[in-house]
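Protein chains: 2
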Amino acid sequence: MGNGIVAEKVRSSTRSKEKIREENERIILIAAEKVFAKHGLKGATTKQIADMAKLPKSNIHYYFHTKLNLYRCVLESILVDWMKAADTFNTFNEPREAFRYYVGAKMDLSRIRPFGSKVWANEIISGAPEMEAILSSRLKKWVDTCVGSINTWVELKKISNVGDAHTLLYMIWATTQHYADFEYQVKILNNGKRLTDEEFEEKKQQVIDLVLRSVGLNP
Amino acid sequence: MGNGIVAEKVRSSTRSKEKIREENERIILIAAEKVFAKHGLKGATTKQIADMAKLPKSNIHYYFHTKLNLYRCVLESILVDWMKAADTFNTFNEPREAFRYYVGAKMDLSRIRPFGSKVWANEIISGAPEMEAILSSRLKKWVDTCVGSINTWVELKKISNVGDAHTLLYMIWATTQHYADFEYQVKILNNGKRLTDEEFEEKKQQVIDLVLRSVGLNP
DNA sequence: TTATAACTTGACCAAATAGTCAAATAATTT
DNA sequence: AAATTATTTGACTATTTGGTCAAGTTATAA
């Protein structure tokens, strides 16, 4: 027992300042993502975030200064993952593979990082006051590229004429993110039990099939 | 000008108590729906709701006592419209018509009452603390009926095998509600301009077509 | 070892806010 | 007309909460 405490002390005393900052910022970001997801920007309190991170409240302010700044950092960190999933869409030339992998990646993200998706949803629902700039630049550009690909596939008769390609993209976003944002509703309608990994994989395949059929491709 | 004031005075002085209560409750509910949609339960302040309703704050408390009670009333009033749209699904025996009208009704609701949809979304995202009971009773029952219909259609080979029918329902909900909950994002990606009525009707038709194809029906 | 810079944390404060209350006014009943 | 009941509203309060600060501790550089 004594050894354990000493060992911990030693390890702690050798943690470099750099590592300390890195680790604490990570811990705080993870805690903040959860709390913001549940309560929104205004509803979340720095005390709640501190408790979740198991740190004193002053520490949160030390590392992130204001609640709003912390919130922005959370949004940015979510965007990184989001853009990674987005990239998968453009790494395939054939619509079947592009949709299959993109929808799959979005579903995985909903499963792995549901809190991030919820924070994002909250932000958009409340008018995207902090994210409008990013949406109308980075996201817009990515969407324009996707719309181009989809339109080409329609012209080449590789998929059905879906009208405005945005409609299709929105359907994919909405459907995949539903499993993160509305997971409590999904849980309730699954007899109160959270989807198991197996059930989720099944859902993922079904969503992929629905999307493929919706553009006239046979799964 | 003088006449206007007098006329108003007279009309006001003949307003019955019953009408006064009815009208004020309506005004407050509409204002609250907007404010709750934008800021969530905790983020919304009774002052904001009062200002939106053009009434003093005390008046809000006089009619609804607490903020939480007002919030519950807003949720309930949304549920009424929601269930009306839900009914359309079971008034058709053929899948093509059922999906067409149900998806249409949900899209219309997103257009007409976007704030209600947002309040609902916020509630589910934050864990449905006020609505869990309703979800696991009324909504669950309705969903079970729908799932039954869909499964029958699959058995009769009227639509493709969609696997778990819940997946399809979630896709419909998510896609239609996206136009309410994420309307700011839709606006930004539509070059900053809100969808016109004509554009929305087009989207509605495209969403219907996507859904029909997704279950193997030719639109 | 010493000096310095970075991290930790409890105590504190000013602003915001849900809810109360009492006094005034308006509708309704007797 | 008087009494009663319902509505209106400004003033007030207790509590919550974002943010500060100063005093202490720990790592690092000189």
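Chains as they are written, first to last, in this note's numbering: chain A, 949 to 1167; chain B, 949 to 1167.
Note that beta-carbon positions come from the ideal geometry of N, C-alpha and C, so glycine has one too.
In this text the structure is predicted, and so the values were computed from the model without any measurement.
{"Item": "Can you tell which of B:Thr1036, B:Ala1128, B:Pro1043, B:Val1067 has the C-alpha that lies nearest to the C-alpha of Trp1090 (chain B)?", "Value": "B:Thr1036"}
{"Item": "In terms of alpha-carbon separation, which member of A:Lys1141, A:Met1055, A:Ile1107 lies closest to Asp1029 (chain A)?", "Value": "A:Met1055"}
{"Item": "Report the option in A:Glu971, A:Leu1023, A:Arg974 whose CA atom is closest to the CA atom of Glu1080 (chain A).", "Value": "A:Leu1023"}
{"Item": "His1013 (chain B): buried (16+ other C-beta within 10 angstroms of its C-beta) or exposed?", "Value": "exposed"}
{"Item": "Can you look up Asn1109 (chain A) in the DSSP assignment and give me helix, strand or coil?", "Value": "coil"}
{"Item": "Taking 8 angstroms as the threshold (beta carbon to beta carbon), is Gly1064 (chain B) in contact with chain A?", "Value": "no"}
{"Item": "Would you call the CB atoms of Ala1122 (chain B) and Val1067 (chain B) closer than 8 angstroms?", "Value": "no"}
{"Item": "Could you tell me the distance, in whole angstroms, from the CA atom of Arg1059 (chain A) to the CA atom of Tyr1049 (chain B)?", "Value": "32 angstroms"}
{"Item": "I want to see whether chain B comes within less than 8 angstroms of Gly1052 (chain A), judged by CB atoms only; does it?", "Value": "no"}
{"Item": "Do Ile1120 (chain A) and Val1159 (chain A) have their CB atoms nearer than 8 angstroms?", "Value": "yes"}
{"Item": "Cβ closer than 7 angstroms: which chain A residues qualify as neighbours of Glu1080 (chain B)?", "Value": "Ile1136"}
{"Item": "Starting from the beta carbon of Glu1150 (chain A), find every residue of chain B whose beta carbon is closer than 9 angstroms, and list them in chain order.", "Value": "Gly1111, Asp1112, Thr1115"}
{"Item": "Please list the residues of the stretch 1089-1110 of chain B that have a C-beta atom closer than 7 angstroms to any C-beta atom in chain A, keeping them in chain order.", "Value": "Val1091, Ser1108, Val1110"}
{"Item": "In chain order, what residues of the same chain have a beta carbon less than 7 angstroms from the beta carbon of Gly1064 (chain A), not counting five sequence neighbours either side?", "Value": "Glu981, Ile1026, Asp1029"}
{"Item": "Drop a sphere of 10 angstroms on the beta-carbon of Arg1142 (chain A), count the other beta-carbons inside from all chains shown, and report buried for 16 or more, exposed for fewer.", "Value": "exposed"}
{"Item": "Please list the partners that Leu977 (chain B) has in chain A, where partner means a Cβ-to-Cβ separation under 7 angstroms.", "Value": "Here the premise fails: no neighbours, minimum Cβ distance about 19 angstroms."}
{"Item": "Counting along the chain, where does the alpha helix (DSSP H) carrying Thr1100 (chain B) start and finish?", "Value": "1088-1103"}
{"Item": "Within its chain, find whatever has a CB closer than 7 angstroms to the CB of Glu1071 (chain A); leave out the 5 residues flanking it on each side and keep chain order.", "Value": "Leu1023, Glu1078, Met1079"}
{"Item": "Starting from Asn1017 (chain B) and walking both ways along the alpha helix (DSSP H), at which residues does that stretch end?", "Value": "1015-1037"}
{"Item": "Report the rounded CA-to-CA distance for Thr994 (chain A) versus Thr1124 (chain B), giving the unit in angstroms.", "Value": "35 angstroms"}
{"Item": "Rounded C-beta distance between Tyr1011 (chain B) and Glu973 (chain B)? I'm assuming under 8 angstroms.", "Value": "6 angstroms"}
{"Item": "Below 7 angstroms on C-beta distance, what does Glu1132 (chain A) contact in chain B?", "Value": "The sequence shown places Tyr at residue 1132 (chain A), not Glu. Those within 7 angstroms of Tyr1132 (chain A) in chain B are Ile1072, Gly1075, Ala1076."}
{"Item": "Do you know offhand how far Ala992 (chain A)'s Cα is from Lys1032 (chain A)'s?", "Value": "28 angstroms"}
{"Item": "With DSSP run on the structure shown, which of helix, strand or coil describes Arg1161 (chain A)?", "Value": "helix"}
{"Item": "Does the Cβ of Glu1042 (chain A) have 16 or more other Cβ atoms within 10 Å, making it buried, or fewer, making it exposed?", "Value": "exposed"}
{"Item": "In the structure shown, what three-state DSSP assignment does Pro1062 (chain B) receive?", "Value": "helix"}
{"Item": "Is the beta carbon of Gly1111 (chain A) less than 8 angstroms from the beta carbon of Gln1133 (chain B)?", "Value": "no"}
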